[in-house]
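All letters in the sequence shown, in the order written, are residues -18 to -1, 1 to 368 by mature numbering (1 follows the signal peptide of the UniProt record, and there is no 0).
Think of the CB as a built atom: it goes at the ideal place given N, C-alpha and C, for glycine as much as any other residue.
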Amino acid sequence: MICSHLLSLIYLAGLSIQSGLLPPNKRAPCTVLAGGYEAIDDAIAINTALKDCGNGGTIVLPSDQVYSIRSPIDFAQCHDCDVQLEGELLFSNDQSLWANQSAFISFDGVDGAKFRSLTGKGLVDGNAKTYYQRPRDHVSSQPALVPIVASSDVYIDGLVLRNPPLQFFRVDGGSSMIHFSNLKLTVENQWWQSIWTDGESIGFQFRNSTHITLESVDVDFRSNYADYHVGACVGIDYITSDIYINNVNCNNTDTGVLLQFGSLGGGTPAADDQWAKNIFISNYTANSKYNTGFMNMLEFDYSKIWNVTYDGVKIIGGNQLTNTNCYVVSNGITDACSCGHLGGLEHLQANFTDIRFKNYSGETSKPALACSCHSTCDFHFDGWSI
Ligand SMILES: *[C@@H]1O[C@H](CO)[C@@H](O)[C@H](O)[C@H]1NC(C)=O
Ligand SMILES: *[C@@H]1O[C@H](CO)[C@@H](O)[C@H](O)[C@H]1NC(C)=O
Ligand SMILES: *[C@@H]1O[C@H](CO)[C@@H](O)[C@H](O)[C@H]1NC(C)=O
Ligand SMILES: *[C@@H]1O[C@H](CO)[C@@H](O)[C@H](O)[C@H]1NC(C)=O
Ligand SMILES: *[C@@H]1O[C@H](CO)[C@@H](O)[C@H](O)[C@H]1NC(C)=O
Ligand SMILES: *[C@@H]1O[C@H](CO)[C@@H](O)[C@H](O)[C@H]1NC(C)=O
Ligand SMILES: *[C@@H]1O[C@H](CO)[C@@H](O)[C@H](O)[C@H]1NC(C)=O
């Protein structure tokens, strides 16, 4: 009650300033204050602010505030809004609240939104460290922290994000013009058994989307077992084009910046949809088990990939590759899947055109590529210092 009363006062103040002194496109920002108790769901006040001020307005979540979040924050009401998170969104660790939700922070059909921190201190805490230690007897149905679906012109900048139950960001459903910059993603205390956690703790998954920029992003995932790598840093999935990735650091992840068709979950699309093109990755510092290249799941037999360039990859992690799957190229080394031996992979006929691996340094091995199964491989290597 006190909370909503305060809010209406703030809105009234904002509105009177708006009608009195400022032109409509310069109205006062709406400030949301936290209710102050864990039992209060501050998402309700934030969603109300998005509704009231989301049409071209600015919503400020100030730095001294910790928001208790027990239901999804929904950007559907945002039309060119600017949400400035300087405080902390603390999601409830009662996972039953999230099990049947589609998002923690939802961008679905949003056209024009900024979600950012001007101070670089805005924190999104998924608060799922205890969830990582659950028994792995069923598949988790927890949603991604921030799925961006069928949306365009979304700008996410300056935030610190940590410990979502599963993945951080997924861009999907025909989204375009999605920009990520100056983000820090961490996972602490993830369970160490890779068969379970490889497909969890996903930093970014891009699928069925175009024109995505990822710039100056740090990803560091830790397990509760020394030196065990978990999760995926950046996975570029099918139906993707014009992806630009620069200044990225992937630390301790199982997979780094890779084309990953189907291996981060999701169904199997029609053969005609198994493609990606126009991808540029530069200044990438890699310390993953599998640092660069392509990975596919069974039934992704018709992948067509063209115009992909890695330029400037610094390999920190000297992890030896072990061939447990059909990783066509990883860290410059081919693990040619043994056609016919792994069951189903004999159908693989990926076609790679104009794929460039440039300026690799650090712990690299001489590239010795074979082309898996019935694939065609147009690979180029330049400037490797071994
Ligand atoms: C989620 O939905 C399923 C099926 O609709 C239901 O059985 C389950 O109890 C729900 N879980 C929670 C935590 O609400
Ligand atoms: C891709 O997104 C579009 C929406 O723009 C949708 O109609 C289509 O079914 C999606 N395709 C796949 C394979 O997900
Ligand atoms: C490369 O990226 C790192 C961050 O990963 C950054 O500190 C450095 O300035 C970048 N170098 C260039 C030349 O942009
Ligand atoms: C990467 O992780 C290691 C621990 O595995 C840590 O010592 C190092 O500082 C991290 N580096 C970066 C750049 O985050
Ligand atoms: C290849 O992809 C880059 C983006 O990485 C793009 O700028 C360039 O135009 C593409 N080349 C062709 C021939 O499409
Ligand atoms: C891949 O290339 C081969 C040889 O050029 C061709 O026969 C095959 O149809 C291509 N596959 C796809 C999925 O385009
Ligand atoms: C890669 O090396 C070429 C020369 O081989 C150089 O022109 C280019 O600037 C380098 N790119 C990076 C990102 O270091």
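DSSP three-state assignment for residue i, whether helix, strand or coil
{"i": "D364", "result": "strand"}
{"i": "I298", "result": "coil"}
{"i": "A31", "result": "helix"}
{"i": "I22", "result": "coil"}
{"i": "Q83", "result": "coil"}
{"i": "A258", "result": "strand"}
{"i": "S88", "result": "strand"}
{"i": "S158", "result": "strand"}
{"i": "A95", "result": "strand"}
{"i": "S45", "result": "coil"}
{"i": "Q77", "result": "helix"}
{"i": "A253", "result": "helix"}
{"i": "M277", "result": "strand"}
{"i": "V136", "result": "strand"}
{"i": "K103", "result": "coil"}
{"i": "Q124", "result": "coil"}
{"i": "P129", "result": "strand"}
{"i": "R152", "result": "strand"}
{"i": "L15", "result": "coil"}
{"i": "D317", "result": "Here D317 scores only 49 on pLDDT, less than 50, and its place in the model should not be relied on; the value that follows carries that caveat. DSSP places D317 in coil when its eight states are reduced to three."}
{"i": "W173", "result": "coil"}
{"i": "F282", "result": "coil"}
{"i": "E70", "result": "strand"}
Residue from the options with nearest C-alpha to residue i
{"i": "T267", "options": "Y292, F276 and S53", "result": "Y292"}
{"i": "residue 369", "options": "E20, Q331, L71 and F57", "result": "The requested residue 369 does not occur in the structure, where the chain is confined to residues -18 to 368."}
{"i": "S157", "options": "V131, L165 and G181", "result": "V131"}
{"i": "W173", "options": "T274, S183, A27 and N164", "result": "S183"}
{"i": "H161", "options": "T112, Q256 and N228", "result": "N228"}
{"i": "L148", "options": "G38, D224, V121 and I138", "result": "V121"}
{"i": "I194", "options": "T30, S133 and A31", "result": "S133"}
Exposed unless 16 or more other CB atoms sit within 10 angstroms - verdict on residue i
{"i": "A110", "result": "buried"}
{"i": "T235", "result": "buried"}
{"i": "P146", "result": "buried"}
{"i": "S357", "result": "buried"}
{"i": "Y19", "result": "exposed"}
{"i": "T237", "result": "buried"}
{"i": "D24", "result": "buried"}
{"i": "Q302", "result": "Low confidence applies to Q302: its pLDDT is 31, below 50, so where it sits in the model is not reliable, and the reading given next is rough at best. Result: exposed."}
Bounding residues of the beta strand (DSSP E) (the contiguous stretch that carries residue i)
{"i": "F57", "result": "Careful: F57 lies outside any beta strand (DSSP E) and carries neither H nor E."}
{"i": "Y114", "result": "Run containing Y114: none; DSSP gives neither H nor E here."}
{"i": "N270", "result": "Just to set this straight, residue 270 is Ser in the shown sequence, not Asn. Neither: S270 is in no beta strand (DSSP E) and is coded neither H nor E."}
{"i": "L67", "result": "C63 to L67"}
{"i": "L330", "result": "Run containing L330: none; DSSP gives neither H nor E here."}
{"i": "N233", "result": "T222 to N233"}
{"i": "V199", "result": "S191 to S205"}
{"i": "R144", "result": "V142 to R144"}
{"i": "A214", "result": "A214 to I218"}
C-beta neighbour in chain D for residue i, strict 8 Å
{"i": "V106", "result": "Judged by its chain identifiers, the structure shown contains no chain D, having just a single protein chain."}
Original post:
Do three or more CB pairs link the segment 218 to 226 to the segment 182 to 190 at distances below 8 Å?
Top reply: Contact holds: three or more Cβ-Cβ distances are below 8 Å.
Original post:
Should the segment 196 to 208 be called in touch with the segment 240 to 254, which here means at least 3 C-beta pairs below 8 Å?
Top reply: no
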